[in-house]
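*Asks:* Using the numbering used here, you'd call the opening residue of the sequence shown number 92 and step up by one each time. I have a structure here, written as structure tokens, and I will follow up with some questions on it.
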Amino acid sequence: MAERVEPRTLQGTMELLPPDQILFNRMYDTIRGVYESFGFLPLDTPVLEYASVLLAKAGGETEKQIYRFTKGDADLAMRFDLTVPLARYVAQHKADLVFPFKRYQMSKVYRGERPQKGRFREFYQCDIDIIGAESLDLMYDAEMPAVIYNVFTKLAFGDFVIRINNRKVLNGFFASLGFAEKIGDILRTIDKLEKIGADKVRAELAEYGVAGDAADKILAFIGIGGSNDEVLAALRALDCDDATFREGVEELDKVVHYAYLYGIPEKNIAIDLTIARGLDYYTGTVYETKLVDYPTLGSVCSGGRYDNLTGYYTDDHMPGIGISIGLTRLFSQLRAAEIITDTKKSLCDVLFVPTDKAHMDFVLGSAAEMRAAGLNVDVYCLDKGMKPKMKFANRSGIPYVALVGEDEAAAGKLTLKNMETGEQELLDVYAAIEKINK
């Protein structure tokens with residue numbers, strides 16, 4: 092006999108039992124439904140891409156984390172996000188697409204992360220992006236928080252805030268201090284503010300040659316707070332003549348105004364100058380979303396505008412804007428914190444339990460009638476006594492059992508039992524359907 096292999100899963104992956112998978116799928120379907128309600132089209136790019144395509148922009152940490160291998164002469168890699176494959180897709184199929192091109196993709200991505208709490212090697216991302224041809228109106232920058240607002244309102248995890256900023260505001264201000272060559276380092280550092288605190292941010296800035304009065308000015312700048320109108324007024328009052336900074340302030344003002352037009356309450360969208368989004372490809376509006384009652388979860392949805400990402404694959408100017416929800420991480424954290432505790436075990440509405448296979452003709456016909464009426468129906472087919480059959484229904488969490496014995500089959504009826512209350516009633520199949528649907 093062959094040696095047995097221990098059944099186990101790779102660290103950094105998520106595998107669920109059916110009740111949790113049902114809950115995960117419900118979240119997935121809710122997000123997808125909102126995306127489609129805003130007119131986004133589905134897309135599914137390959138898991139495997141040429142490494143040269145995925146790494147056209149990436150480097151450093153991304154290249155270290157990517158799953159990369161050769162097959163014959165091909166240098167291949169597994170996608171590490173959904174944005175870079177989108178840029179390739181749009182450049183490759185631009186002649187066949189209608190712009191602005193609005194797409195959603197909800198798929199697994201892969202990263203060689205060191206397994207730890209909240210970090211996965213394989214995980215679902217739920218992305219939307221809008222790609223323009225030559226230009227993309229700022230109204231689309233406001234549509235992103237409108238989608239976020241609808242998603243988290245429907246998911247109903249409590250109060251949330253969409254925090255918004257503009258990279259031009261940050262870039263212009265830092266350039267005005269004389270740090271145009273160090274903007275990337277400064278952005279990546281202040282992006283860590285919530286995690287490491289102001290003192291460590293100050294120390295890290297000093298490592299990049301940004302110290303003393305300059306560091307004070309940066310920390311004071313990103314600390315500007317208040318209502319959206321107050322923050323905008325404070326930005327306009329700053330002694331900063333940088334053109335990029337001024338352009339960013341005006342864009343931020345417009346996007347927030349448009350967001351109100353989309354119906355987002357002011358309490359759900361807040362200008363926050365600490366939001367930097369460390370990725371280099373963001374060029375304008377940036378977002379992060381936090382659940383107010385669960386701040387330790389960090390950002391549950393983030394993204395921004397990128398005007399140059401497709402430039403690695405085409406000479407055409409194709410600006411874009413997008414957001415992403417890391418669904419695997421979000422689900423695992425919400426479940427661990429018992430923020431979501433739904434315990435539905437089955438998707439089945441009713442289980443047919445025949446006392447004898449001689450009644451299968453009636454049972455299968457009745458089950459087909461119920462499915463045609465939109466119910467989810469299972470049939471217990473094993474030759475076992477009534478006790479194990481009912482135990483199966485109980486353990487499976489099926490709310491109704493349709494018992495069919497000799498008397499029921501002869502009468503063309505079934506005994507419908509409510510597994511929660513124990514109530515049972517002799518009904519024909521149509522009356523049973525009506526009862527289950529109540």
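The C-beta atom is built at its ideal place from N, Cα and C for all residues, glycine as well. Model, not experiment: these values are computed from the prediction.
Round the Cβ separation of glutamine 156 and leucine 173 to the nearest angstrom and send it over; I've been treating them as touching at under 8 angstroms.
*Replies:* Against the sequence shown, residue 156 aligns to sequence position 65. Against the sequence shown, residue 173 aligns to sequence position 82. Going by Cβ atoms, the distance from glutamine 156 to leucine 173 rounds to 15 angstroms, so no, they are not a contact pair.
*Asks:* Between arginine 368 and aspartate 320, what straight-line distance do the alpha-carbon atoms span, to the nearest angstrom?
*Replies:* One-based indexing of the sequence shown puts residue 368 at position 277. One-based indexing of the sequence shown puts residue 320 at position 229. So the alpha carbons of these two residues sit roughly 23 angstroms apart.
*Asks:* Beta carbon of arginine 159, beta carbon of alanine 168: below 8 angstroms?
*Replies:* Stepping through the sequence shown from its first residue, residue 159 is reached at position 68. Stepping through the sequence shown from its first residue, residue 168 is reached at position 77. Yes.
*Asks:* Decide if serine 423 is buried, meaning its Cβ has at least 16 other Cβ atoms within 10 Å, or exposed.
*Replies:* As a first step, residue 423 must be located in the sequence shown, where it is residue number 332. Buried, since its Cβ has 16 or more Cβ neighbours within 10 Å.
*Asks:* Would you report the Cα separation of phenylalanine 248 and valine 383, rounded to the nearest angstrom?
*Replies:* Here residue 248 refers to the residue found at position 157 of the sequence shown. Here residue 383 refers to the residue found at position 292 of the sequence shown. Using only the alpha carbons, I get a separation of about 9 angstroms.
*Asks:* Among Pro410, Arg202, Ile219 and Leu229, which has the Cα closest to the Cα of phenylalanine 211?
*Replies:* For the purposes of this step, residue 211 is identified with residue 120 of the sequence shown, where counting begins at 1. Phenylalanine 211 has its Cα closest to that of Arg202, out of Pro410, Arg202, Ile219 and Leu229.
*Asks:* According to DSSP, is glutamate 514 part of a helix, a strand, or is it coil?
*Replies:* Here residue 514 refers to the residue found at position 423 when the sequence shown is read from its first residue. Here glutamate 514 sits in coil by DSSP.
*Asks:* Can you tell me whether DSSP reads aspartate 220 as helix, strand or coil?
*Replies:* Your numbering for residue 220 matches position 129 in the sequence shown. Strand at aspartate 220.
*Asks:* Do the region 429-444 and the region 480-498 make contact, defined as three or more Cβ pairs closer than 8 angstroms?
*Replies:* They touch, by the three-pair rule.
*Asks:* Check each candidate in Asp220, Leu517, Ser128 and Arg258 and name the one with the smallest Cα separation from asparagine 241.
*Replies:* Numbered from its first residue, the sequence shown carries residue 241 at position 150. Residue Ser128 is the option with its Cα nearest to asparagine 241.
*Asks:* Leaving out five residues before and five after tyrosine 231 in sequence, what residues of the same chain have Cβ atoms less than 8 angstroms from its Cβ?
*Replies:* By one-based count along the sequence shown, residue 231 stands at place 140. The answer, listed in chain order, is Pro191, Ile221, Gly223 and Ile412.
*Asks:* Measuring CA to CA, which of Thr512, Glu511 and Tyr521 is closest to lysine 504?
*Replies:* Residue mapping note: residue 504 aligns to position 413 of the sequence shown, counting from 1. Here the closest residue by C-alpha is Tyr521.
*Asks:* Considering only DSSP beta bridges, list what lysine 508 is partnered with.
*Replies:* Residue mapping note: residue 508 aligns to position 417 of the sequence shown, counting from 1. Val492 and Gln515, per the DSSP bridge assignment.
*Asks:* Compare the C-alpha of serine 198 against each of Ala233, Leu517, Lys381 and Thr419 and name the closest.
*Replies:* Counting from 1 along the sequence shown, the entry for residue 198 is found at position 107. If we check each option's Cα against that of serine 198, Thr419 comes out closest.
*Asks:* Please report the distance separating the alpha-carbon of leucine 139 from that of valine 189.
*Replies:* Looking up residue 139 in the sequence shown gives position 48. Looking up residue 189 in the sequence shown gives position 98. Computed Cα separation, rounded: 26 angstroms.
*Asks:* Between the beta-carbon of isoleucine 414 and the beta-carbon of methionine 235, is there less than 8 angstroms?
*Replies:* The residue given as residue 414 occupies position 323 in the sequence shown. The residue given as residue 235 occupies position 144 in the sequence shown. Result yes, Cβ atoms of isoleucine 414 and methionine 235 sit closer than 8 angstroms.
*Asks:* Name the DSSP beta bridge partners of valine 200, please?
*Replies:* Your numbering for residue 200 matches position 109 in the sequence shown. DSSP lists Phe214 as partners of valine 200.
*Asks:* Indicate whether phenylalanine 171 and valine 144 have their beta-carbon atoms separated by less than 8 angstroms.
*Replies:* If you number the sequence shown from 1, residue 171 lands on position 80. If you number the sequence shown from 1, residue 144 lands on position 53. No. Outside cutoff.
*Asks:* Which runs of the alpha helix (DSSP H) spanning at least 4 residues fall entirely within the region 331-391, listed in chain order?
*Replies:* The region 331-391 contains these whole alpha helix (DSSP H) runs: 334-352.
*Asks:* Quick one: what does DSSP say glutamate 429 is sitting in, helix, strand or coil?
*Replies:* Indexing the sequence shown from 1 puts residue 429 at position 338. Three-state result, glutamate 429: coil.
*Asks:* If we count the other Cβ atoms within 10 Å of its Cβ and call it buried at 16 or more, is cysteine 217 buried or exposed?
*Replies:* Taking the sequence shown and counting its residues from 1, the one referred to as residue 217 is at position 126. Classification for cysteine 217: buried.
*Asks:* On the DSSP bridge assignment, give the partners of proline 133 in chain order.
*Replies:* Locating residue 133 in the sequence shown gives position 42, counting from the first residue. Answer is Tyr195, bridged to proline 133.
*Asks:* Roughly how many angstroms separate the alpha carbons of glutamine 183 and phenylalanine 251, rounded to a whole number?
*Replies:* As a first step, residue 183 must be located in the sequence shown, where it is residue number 92. As a first step, residue 251 must be located in the sequence shown, where it is residue number 160. If I take the Cα positions, the gap works out to 38 angstroms.
*Asks:* Of all the options Arg117, Ile281 and Asp304, which has the alpha carbon lying nearest to the alpha carbon of glutamate 295?
*Replies:* Translated into positions along the sequence shown, residue 295 becomes position 204. The shortest Cα separation from glutamate 295 among Arg117, Ile281 and Asp304 belongs to Ile281.
*Asks:* Quick check: the Cα distance between tyrosine 351 and tyrosine 126, rounded to an integer number of angstroms?
*Replies:* Taking the first residue of the sequence shown as position 1, residue 351 is located at position 260. Taking the first residue of the sequence shown as position 1, residue 126 is located at position 35. About 19 angstroms.
*Asks:* Under three-state DSSP, which class holds asparagine 257?
*Replies:* Here residue 257 is taken as the residue at index 166 of the sequence shown, counted from 1. If DSSP states are grouped into helix, strand and coil, asparagine 257 belongs with the strands.
*Asks:* Exposed or buried, asparagine 467, counting other C-beta atoms within 10 Å across all chains shown (16 or more means buried)?
*Replies:* Against the sequence shown, residue 467 aligns to sequence position 376. Result: exposed.
*Asks:* Considering only C-alpha positions, which residue in the set Ile274, Lys291, Glu225 and Asn485 is nearest to threonine 512?
*Replies:* In the sequence shown, counting from the first residue as 1, residue 512 sits at position 421. The shortest C-alpha separation from threonine 512 is found at Asn485.
*Asks:* Which term fits glutamate 379, buried or exposed, when burial requires 16 or more other beta carbons within 10 angstroms of its beta carbon?
*Replies:* The sequence position of residue 379 within the sequence shown is 288, counting from 1. Buried, by the Cβ-count rule.
*Asks:* Would you call histidine 348 buried or exposed, if buried means 16 or more other Cβ atoms sit within 10 Å of its Cβ?
*Replies:* To locate residue 348, count along the sequence shown from 1; it is residue 257. With fewer than 16 Cβ atoms within 10 Å of its Cβ, histidine 348 is classed as exposed.
*Asks:* Can glycine 339 and glycine 263 be called in contact, C-beta distance under 8 angstroms?
*Replies:* The sequence position of residue 339 within the sequence shown is 248, counting from 1. The sequence position of residue 263 within the sequence shown is 172, counting from 1. Yes; because the gap between Cβ atoms is below 8 angstroms, this pair is in contact.
*Asks:* Tell me, to the nearest whole angstrom, how far the beta carbon of phenylalanine 312 is from that of isoleucine 219; I am working on the premise that it is less than 8 angstroms.
*Replies:* Position 221 of the sequence shown holds residue 312. Position 128 of the sequence shown holds residue 219. About 31 angstroms separates the two Cβ atoms, so there is no contact after all.
*Asks:* How about lysine 526 and serine 487: are their beta carbons less than 8 angstroms apart?
*Replies:* The sequence position of residue 526 within the sequence shown is 435, counting from 1. The sequence position of residue 487 within the sequence shown is 396, counting from 1. For lysine 526 and serine 487, no; Cβs fall outside 8 angstroms.
*Asks:* Could you check whether the Cβ of arginine 368 sits closer than 8 angstroms to any Cβ belonging to chain B?
*Replies:* This model lacks chain B altogether; it includes just one protein chain.
*Asks:* Taking 8 angstroms as the limit between beta carbons, can you name the residues of its chain near glutamine 112, skipping five residues before and five after?
*Replies:* Residue numbering aside, residue 112 sits at position 21 when the sequence shown is read from its first letter. Hits under 8 angstroms: none found.
*Asks:* Return the CA-CA distance between proline 176 and tyrosine 215, expressed in angstroms with no decimal places.
*Replies:* Here residue 176 is taken as the residue at index 85 of the sequence shown, counted from 1. Here residue 215 is taken as the residue at index 124 of the sequence shown, counted from 1. So the alpha carbons of these two residues sit roughly 15 angstroms apart.
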